[in-house]
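In our numbering, each residue's number is its place in the sequence shown (first place is 1) plus 43.
C-beta atoms are modelled at their ideal positions from N, C-alpha and C, and glycine is treated no differently.
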Amino acid sequence: MQTGAAIVIDLNSPGGSLSPHGLILFDGVCVLCSWGCRFVNKRDRRRYFRFVPIQLEEGRTHALQLGIDPDQPDSFAFIANGRGFIKSDAVLRIARELPYWGWTSAFLLIPRPLRDTVYDIVARNRYRWFGRRDDCMLPAADRSWPSVIP
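Now the structure itself:
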């Protein structure tokens, strides 16, 4: 799947074209991914982002549309306005929505294959370098990040 392509998603659900929220799909057992979601949530003053683990049915459905194997995820994704972004494009799209992080858009000048190569190296080694949870991290019922994290 090409990053930035339209995907099938309910227009009013997070990530849909009529929703005021963007949706982050993440690996719910990955410690690095959970840390990244906490990082985003802490800086998200507008409460724009919603989160769903790839391991949940909703996440699996979106992951498959984006070309991500939900049983062996090699990327996380960001969905906004009915369009899906993966790998480094997802990282940079998320960062530009955060206060004081817009400067990271400068990395878009680096060719995507080079950015994604670095992304893939981290993704391939994330469990070894950062760890893996036994249980999937779950968002709150409204898909916001939980205020209490086990």
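Contact set for Ser-60: own chain, Cβ-Cβ below 6 Å, skip 5 residues either direction: Leu-54, Asn-124 and Gly-125
Local Cβ density within 10 Å of Ala-149, reported as buried at 16 or more and exposed below that: exposed
As assigned by DSSP and simplified to three states, the class of Cys-179: coil
Backbone CA spacing between Phe-173 and Val-74 [nearest angstrom]: For Phe-173 and Val-74, the distance between alpha carbons rounds to 6 Å.
Val-51 versus Arg-171 - alpha carbon distance: Those two C-alpha atoms are separated by around 34 Å.
Sequence-distant residues of the same chain with beta carbon closer than 6 Å to Arg-86, five excluded per side: Leu-141
Cα-Cα separation, Asp-163 to Arg-89: Taken atom to atom, the span from the alpha-carbon of Asp-163 to that of Arg-89 is near 30 Å.
Helix, strand or coil at Gly-174 according to DSSP, with G and I counted as helix: Gly-174: coil per DSSP, three-state reduction.
Simplified DSSP state of Phe-92, which is helix, strand or coil: Here Phe-92 sits in strand by DSSP.
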